[in-house]
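Asker: Residue numbers (the numbering used here), protein chains in the order written: chain A, 3 to 116; chain B, 29 to 147.
Following this message is one structure expressed as structure tokens.
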Amino acid sequence: AQKVTQAQTEISVVEKEDVTLDCVYETRDTTYYLFWYKQPPSGELVFLIRRNSFDEQNEISGRYSWNFQKSTSSFNFTITASQVVDSAVYFCALMRDNTDKLIFGTGTRLQVFP
Amino acid sequence: GAVVSQHPSWVICKSGTSVKIECRSLDFQATTMFWYRQFPKQSLMLMATSNEGSKATYEQGVEKDKFLINHASLTLSTLTVTSAHPEDSSFYICSARDTSGRVPPDTQYFGPGTRLTVL
């Protein structure tokens, strides 16, 4: 069965703190894709990153970085020097190869206080 | 990135009426669009896959006669909630795949969502 677990329901930090959002997935497939989306209060999901199962290189994009570890089936997301505008719900998602179906985790609500 | 719009952004209707929600891909053609439902503070659940020119594919447990999907063109899919009841109140979100080659074809871009409230 395919499953995505985001154990952290809510996280609160103060601006400029670093924060890591955890994502653990389950799949028996060898080829699959992992995604992170941001959902600000407005509701629209914003695509952040896509990673395929054969690419375990960590990625950095500005203040965002992602750590993909197949050995622990995790795809964690770190925001460095958080800002108030980072406040949102963040979803991790899994997609099997040759399908279009995104399987979402339950999301982590991040609140960044000034 | 690719832009997907939804209309209306919110709607309030009486129980028993039907409501149509539109999803448009604004700067790319989408042969496939998706409809999700999101309850407050919960995750997105895929309802159905909308295919241009053919019937939609519904997920298990989703009533196809209740949630009518039409994908009449490469840029427009509509979801009609028929005979809506209060339990249908939810946040409905569509997404579309950009298969133009600009991004990996499995990347989905999401619309801003439609909040439906049935009284």
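Glycine included, C-beta positions come from ideal geometry on N, C-alpha and C.
Consider the Cβ of Gly-64 of chain A: report whether some Cβ of chain B lies at a distance smaller than 8 Å.
Answerer: It does not: the Cβ of Gly-64 of chain A has no partner Cβ on chain B nearer than 8 Å.
Asker: Do Cys-94 of chain A and Val-6 of chain A count as a contact pair if the criterion is CB distance below 8 Å?
Answerer: Against a cut-off of 8 Å, the Cβ pair of Cys-94 of chain A and Val-6 of chain A comes out as a contact.
Asker: Answer with buried or exposed for Phe-138 of chain B, where buried requires no fewer than 16 other C-beta atoms within 10 angstroms of its C-beta.
Answerer: The residue is buried, with at least 16 neighbouring Cβ atoms inside 10 Å.
Asker: Tell whether a beta-carbon distance below 8 Å holds between Leu-47 of chain A and Tyr-66 of chain A.
Answerer: No; because the gap between Cβ atoms is not below 8 Å, this pair is not in contact.
Asker: Considering Leu-107 of chain B, what are the terminal residues of the beta strand (DSSP E) in which it resides?
Answerer: Looking at the DSSP string, the run of the beta strand (DSSP E) that includes Leu-107 of chain B is 104-109.
Asker: Would you mind giving the Cβ-Cβ distance between Ser-44 of chain A and Pro-140 of chain B, rounded to the nearest angstrom? I have them listed as a contact below 8 Å.
Answerer: Confirmed, Cβ separation roughly 7 Å.
Asker: Should Thr-82 of chain A be listed as close to the ligand GDP, given that the test is whether its C-beta is under 7 Å from any heavy atom?
Answerer: Of ligands this structure carries none, so the ligand GDP is not represented either.
Asker: Assign Ala-112 of chain B to buried or exposed, taking buried as 16 or more other Cβ atoms, counted over all protein chains shown, within 10 Å of its Cβ.
Answerer: Ala-112 of chain B should be labelled buried.
Asker: Quick check: what's the CA-CA separation for Tyr-120 of chain B versus Asp-134 of chain B?
Answerer: One C-alpha to the other measures close to 21 Å.
Asker: Anything in chain B within Cβ reach of Thr-110 of chain A, meaning under 9 Å, just list it in chain order.
Answerer: Correct list: empty, because the minimum Cβ distance to chain B is about 11 Å.
Asker: Would a C-beta distance cut-off of 8 Å place Lys-18 of chain A and Ala-90 of chain A closer than the cut-off?
Answerer: Not closer than 8 Å, so no.
Asker: Drop a sphere of 10 angstroms on the beta-carbon of Ser-53 of chain B, count the other beta-carbons inside from all chains shown, and report buried for 16 or more, exposed for fewer.
Answerer: Result: buried.
Asker: Would Leu-74 of chain B and Ser-117 of chain B qualify as a contact pair, given that the criterion is a beta-carbon distance under 8 Å?
Answerer: Going by C-beta atoms, Leu-74 of chain B is not nearer than 8 Å to Ser-117 of chain B.
Asker: Check the Cβ of Asp-134 of chain B against every Cβ in chain A and list those closer than 8 Å, keeping chain order.
Answerer: Tyr-35, Arg-52, Met-97 and Asp-102, listed in chain order.
Asker: Verify the CB distance criterion: does Phe-49 of chain A have a CB-CB separation below 8 Å to chain B?
Answerer: Answer yes: the Cβ-Cβ gap between Phe-49 of chain A and chain B drops below 8 Å somewhere.
Asker: Look at the alpha carbon of Val-152 of chain B and the alpha carbon of Gly-89 of chain B, and state the distance between them as a whole number of angstroms.
Answerer: This structure cannot speak to residue 152 of chain B, because chain B is shown only from 29 to 147.
Asker: Out of A:Trp-38, A:Asp-88, A:Ile-81 and A:Thr-74, state which residue places its alpha-carbon closest to the alpha-carbon of Met-97 of chain A.
Answerer: Out of A:Trp-38, A:Asp-88, A:Ile-81 and A:Thr-74, A:Trp-38 has the C-alpha closest to the C-alpha of Met-97 of chain A.
Asker: Which ranges does the beta strand (DSSP E) cover as unbroken runs of at least 3 residues, wholly within the region 61-85 of chain A, from first to last along the chain?
Answerer: DSSP runs (the beta strand (DSSP E)) wholly in the region 61-85 of chain A: 61-63, 66-71 and 76-81.
Asker: For a contact meaning CB atoms closer than 7 Å, what does Phe-106 of chain A contact in chain B?
Answerer: Neighbours of Phe-106 of chain A on chain B, chain order: Ser-71 and Leu-72.
Asker: Per DSSP, what kind of secondary structure is Glu-46 of chain A in: helix, strand or coil?
Answerer: The answer is coil: DSSP assigns Glu-46 of chain A none of H, G, I, E or B.
Asker: Helix, strand or coil for Glu-80 of chain B? Go by DSSP, reduced to three states.
Answerer: In this structure, Glu-80 of chain B counts as coil in the three-state DSSP scheme.
Asker: Going by DSSP, what residues sit across from Thr-145 of chain B in a beta bridge?
Answerer: Thr-145 of chain B pairs with B:Ile-40.
Asker: How is Val-17 of chain A classed by DSSP in three states: helix, strand or coil?
Answerer: Going by the sequence as given, residue 17 of chain A is Glu instead of Val. Here Glu-17 of chain A sits in coil by DSSP.
Asker: Where does the unbroken beta strand (DSSP E) through Arg-30 of chain A begin, and where does it stop?
Answerer: Taken as a continuous stretch (DSSP letters only), Arg-30 of chain A belongs to no beta strand (DSSP E), as it is neither H nor E.
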